[in-house]
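Below is one structure, written out as structure tokens; comments come after it.
In UniProt numbering, the protein residues as written are 1 to 219.
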């Protein structure tokens, strides 16, 4: 039977999944989503390259939010991890919706570029100006990234209790009576090493290991 993934590795994998999905959504946002052929006022035609910045302008903010959420997860406590997991699910849904709307109505997704090229505004006028559209693979890539984001958010919620917490180690000082040279008793400080059971380091240390070229999961 396959060995169950350790809490430390699980935390690292989920944070990396959020970063990867957010980066993929950001990459998709920079690419061409729709090629739209529009009729010009002089009876000519022009093919417009509609990228994600026009077709789904909110996508960049959603992807950046995913990066920030992954960073917050590295130091979050158990309750905050659940909240952040729910937010990641919401981000995934929002990214999927933005991409889906562009695929569902590519003419409307191209509206800003069509207006700039032809001077035509309004939903019906733009629909008449757009002679044909071709949707590329990039909005579907964004939708795939959205599914990963939402699935990772659900996994964060369901496994957050297994994640390792910070290691706490400290020294306590207490006073005990000791005999003085004259026979009297005096209170003297005695240092006591008080430690909790060490838990695996969190992902902040994992990033340091990765930057040095070390594998944090090998320990």
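Glycine is no exception: its CB is placed at the ideal position from the N, C-alpha and C atoms.
Problem set entry | Residue range of the alpha helix (DSSP H) that includes residue 45 | It is not in any alpha helix (DSSP H) - residue 45 instead sits in the beta strand (DSSP E) that spans 45 to 51.
Practice item. Could you check the C-alpha separation between residue 141 and residue 120 for me, to the nearest Å? Key: Their Cα atoms are separated by approximately 30 Å.
query = What is the rounded straight-line gap between the Cα of residue 18 and the Cα of residue 98?
reply = Cα-Cα distance, rounded: 18 Å.
Compare the Cα-Cα distances from residue 132 to each of 149, 57, 106 and 112 and report the closest residue. Out of 149, 57, 106 and 112, 106 has the C-alpha closest to the C-alpha of residue 132.
Beta-carbon within less than 6 Å of residue 127's beta-carbon, same chain only, minus the 5 sequence neighbours each way: which residues are those?
107
For this session: Return the bridge partner residues of residue 35 from the DSSP annotation.
Result: 49 and 134, per the DSSP bridge assignment.
Extent of the continuous alpha helix (DSSP H) to which residue 20 belongs:
Element bounds for residue 20: 7 to 29.
Okay, do the segment 52 to 67 and the segment 14 to 29 touch, 3+ Cβ pairs below 8 Å being the bar?
Here the segment 52 to 67 lies against the segment 14 to 29, with 3 or more beta-carbon pairs under 8 Å apart.
- Task: Can you grab the Cα-Cα spacing for the pair residue 138 / residue 123, in whole Å?
- Result: Distance between the alpha carbons of residue 138 and residue 123: 24 Å.
According to DSSP, is residue 75 helix, strand or coil?
coil
| Helix, strand or coil: which one does DSSP assign to residue 110? | coil
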